[in-house]
Amino acid sequence: MPLSDSPFSRRTALRAGAAGALLVPAGALLSACGTSSDGAAASSSAGSTGLVRGRPSLTHGIASGDPRTDGALVWARSDAPARMIVETASSESFSDPRRFEGPKLDPTSDGAGRFRITGLEPGQTVHYRVTLEGENGARSEPVAGTFRTAPSAAGNVKFLWSGDVVGQGWGINRDGGMAIMGAMADARPDFFIHSGDAIYADNPVPETQKQNDGNIYRNVTAAAKNQVAQTLDDFRGNFAYNLLDEHYRRFAATVPQLIQWDDHEVVNNWYPGESLAGQNRKGYTETDVNKLAGSSYQAWREWQPVQPTEAADGRLYRKISYGPLLDVFVLDMRSYKDPNPNNWATTDDGGILGAKQTQWLIDGLNGSTATWKVVANDLPLSIVVPDSLSDPKDGPKSMEAVAQGDNGAPLGREIAFSRILSRTKDVKNVVYLTADVHYTAAISYHPDRAAYQDFSPFWEFVSGPLNAGAFPKSPLDGTFGAQYEFVHAPDKPNVSPAEGFQHFGEVTIDSGSRALTVNLRDAKGASLYTKELTPA
109 MPLSDSPFSR RTALRAGAAG ALLVPAGALL SACGTSSDGA AASSSAGSTG
159 LVRGRPSLTH GIASGDPRTD GALVWARSDA PARMIVETAS SESFSDPRRF
209 EGPKLDPTSD GAGRFRITGL EPGQTVHYRV TLEGENGARS EPVAGTFRTA
259 PSAAGNVKFL WSGDVVGQGW GINRDGGMAI MGAMADARPD FFIHSGDAIY
309 ADNPVPETQK QNDGNIYRNV TAAAKNQVAQ TLDDFRGNFA YNLLDEHYRR
359 FAATVPQLIQ WDDHEVVNNW YPGESLAGQN RKGYTETDVN KLAGSSYQAW
409 REWQPVQPTE AADGRLYRKI SYGPLLDVFV LDMRSYKDPN PNNWATTDDG
459 GILGAKQTQW LIDGLNGSTA TWKVVANDLP LSIVVPDSLS DPKDGPKSME
509 AVAQGDNGAP LGREIAFSRI LSRTKDVKNV VYLTADVHYT AAISYHPDRA
559 AYQDFSPFWE FVSGPLNAGA FPKSPLDGTF GAQYEFVHAP DKPNVSPAEG
609 FQHFGEVTID SGSRALTVNL RDAKGASLYT KELTPA
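Laid out in structure tokens, this is it:
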């Protein structure tokens with residue numbers, strides 16, 4: 109049946125935020141699935157104690173992701189083995205709902221699961237609710253939310269992007285939570301691009317932490333955030349921790365997400381094959397980064413509204429088509445990354461995307477018929493991000509992102525991007541969106557200013573952090589003619605979320621003019637900078 113295109117009500121949004129994690133007392137044993145509601149791993153004896161309660165509960169709210177014209181992915185987690193049931197309707201009254209029977213949620217995936225709802229109409233606001241059906245027939249209380257299906261015809265589009273959550277020891281604030289997540293939910297976007305660092309697995313969260321201004325920041329604490337993450341349950345607990353926040357749960361229930369991952373999902377500045385041996389990494393006994401990344405990736409795909417089998421590589425990078433006005437190319441700049449000390453190489457050895465993903469992006473941009481092509485690059489193209497932890501004993505400094513800061517011909521990872529920019533220079537209306545550096549900025553690129561000139565002018569916009577330390581701006585590399593047009597960043601490092609400089613970005617596309625407008629916003633949603641781009 110047709111689904112309403114009216115916005116969801118405030119009541120629905122508040123109900124979604126209130127439901128979920130708080131249904132289970134902090135520290136309670138989730139015997140069937142092995143994780144407590146505060147993100148801490150349950151004791152090893154929990155599996156022999158039987159079910160905690162007579163009927164299952166949704167422990168951490170609900171979420172949706174990767175919308176299509178006919179539906180979206182829906183995610184939930186149960187505290188006991190149960191069948192996931194999803195109902196959709198045109199209004200929050202759920203009169204005449206459609207019923208979808210999803211997978212069984214059990215300990216093999218930490219009680220979490222998702223499945224794709226299909227058969228819905230394009231461009232509609234969908235009210236959905238999730239219920240769990242236990243093995244004994246008992247049913248959980250439902251939790252409701254909304255998502256919007258992708259349009260099939262031209263219409264106004266609004267989406268957000270940002271990244272960097274619970275970093276540098278700044279956790280869920282006991283005096284207001286992660287309020288920026290509530291501001292993003294209130295903006296009522298069609299979807300959100302999560303640009304990575306969804307957790308900081310390498311950053312424990314203490315009970316209190318002193319801010320630069322001398323005030324004390326009080327954290328919500330959890331067992332899983334008392335130490336760096338090294339085991340599968342540690343990583344699971346990090347993802348669970350974020351969903352203790354009511355603002356985060358309300359946002360997840362009402363805004364579909366396009367999820368990326370970056371370094372802090374594993375460990376700061378990591379790359380495949382790296383060893384932490386000999387590095388100053390406090391708290392680590394496991395030094396094989398590939399083992400850490402394997403556990404992190406399993407927890408990531410369990411606890412996020414993602415379906416890796418839908419990705420181009422069966423893992424992460426993928427294209428999300430959002431009607432005739434927009435294609436989003438979601439990159440994976442971590443899984444195929446070459447070693448950070450090699451980023452001064454004069455030949456391309458796979459770079460940061462790998463050969464297949466590089467060609468996929470070139471082909472995708474050239475083949476796109478959408479008016480706007482947004483590339484979600486979780487690492488910036490020209491902001492210089494060193495990696496002192498893996499610096500070689502001799503030679504130039506190790507680099508974490510794409511650029512080196514030499515302002516010369518493309519080197520290392522820049523070589524792959526020089527190929528991408530050159531082979532797509534006739535593609536109109538390409539915009540790059542990133543996070544990672546913990547401030548917000550607008551960067552223009554122009555061949556007239558560049559050492560490498562075989563490309564067309566474009567823009568890259570930076571946002572973040574969402575709930576992490578904010579940092580001063582970093583220098584730009586001149587290889588591709590990058591120039592700051594706007595920056596909002598503190599002048600001191602590691603400024604707490606309570607001190608400001610938290611950001612999210614907003615993109616709107618007007619169906620009439622087809623213009624794309626970027627607003628860089630603060631934690632309360634106030635616009636700091638606006639740029640309107642006219643389509644070629």
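Residue numbers for the sequence shown follow my numbering, beginning at 109 and rising by one. For each residue, glycine too, the CB sits at the ideal point set by N, CA and C. Note that this is a predicted model, so its numbers are computed, not measured.
For Asn474, the enclosing alpha helix (DSSP H) begins and ends at Ala463 to Gly475. Just so you know, the alpha carbons of Lys533 and Tyr560 end up roughly 13 Å apart. Closest option to His235, judged by alpha-carbon separation, among Phe223, Arg256 and Ala220: Arg256. Residue state for Arg207 is assigned as strand, using DSSP reduced to three classes.
By the CB criterion at 9 Å, Ala309 and Asn346 fall inside the cutoff. At the C-beta level, Trp378 and Ala420 stay beyond 9 Å of one another.
Comparing C-alpha distances from Val438 to each of Gly173, Ser582 and Tyr592 shows the shortest one belongs to Gly173. Take the alpha-carbon of Phe563 and the one of Glu508: they are about 24 Å apart. Distances from the alpha-carbon of Ser530 to those of Phe566, Pro500 and Ala295 put Phe566 closest. Excluding the 5 residues flanking it on each side, Glu241 has same chain C-beta neighbours closer than 7 Å at Ala190, Arg191, Ile193 and Arg247, in chain order.
Cβ-Cβ distances below 7 Å link Ser476 to Asp435 in the same chain, with the five nearest sequence neighbours on each side left out; the list follows chain order.
A Cβ-Cβ contact shorter than 9 Å links Leu433 with Arg622.
Around the C-beta of Glu209, fewer than 16 other C-beta atoms lie within 10 Å, and the residue is accordingly described as exposed. Counting of Cβ neighbours within 10 angstroms places Glu418 among the exposed residues, the total staying below 16.
The C-alpha of Pro250 lies about 22 Å from the C-alpha of Val414. Here Gln610 is buried: its Cβ has 16 or more other Cβ atoms, across all protein chains shown, within 10 Å. Under the 10 Å beta carbon count, Gln276 is surrounded by 16 or more other beta carbons and is classified as buried. Here Asp630 carries a strand assignment [DSSP, helix/strand/coil].
By the Cβ criterion, the region 273-289 is in contact with the region 313-333, since at least three pairs of Cβ atoms, one from each stretch, lie closer than 8 Å. For Gly386, there is no enclosing alpha helix (DSSP H), since its DSSP letter is neither H nor E. In the structure shown, Phe563 falls within a coil segment according to DSSP collapsed to helix, strand and coil. When secondary structure is reduced to three states using DSSP, Trp408 falls in the helix class. Between Trp411 and Ala348, the C-beta gap is smaller than 9 Å, which places the two residues in contact. Taken through DSSP and simplified to helix, strand or coil, Leu213 comes out as strand. CA-CA distance, Asp370 to Glu354, rounds to 24 Å.
Under DSSP, Pro494 forms a beta bridge with Met507.
In the DSSP assignment, His235 is bridged to Ala197 and Thr254.
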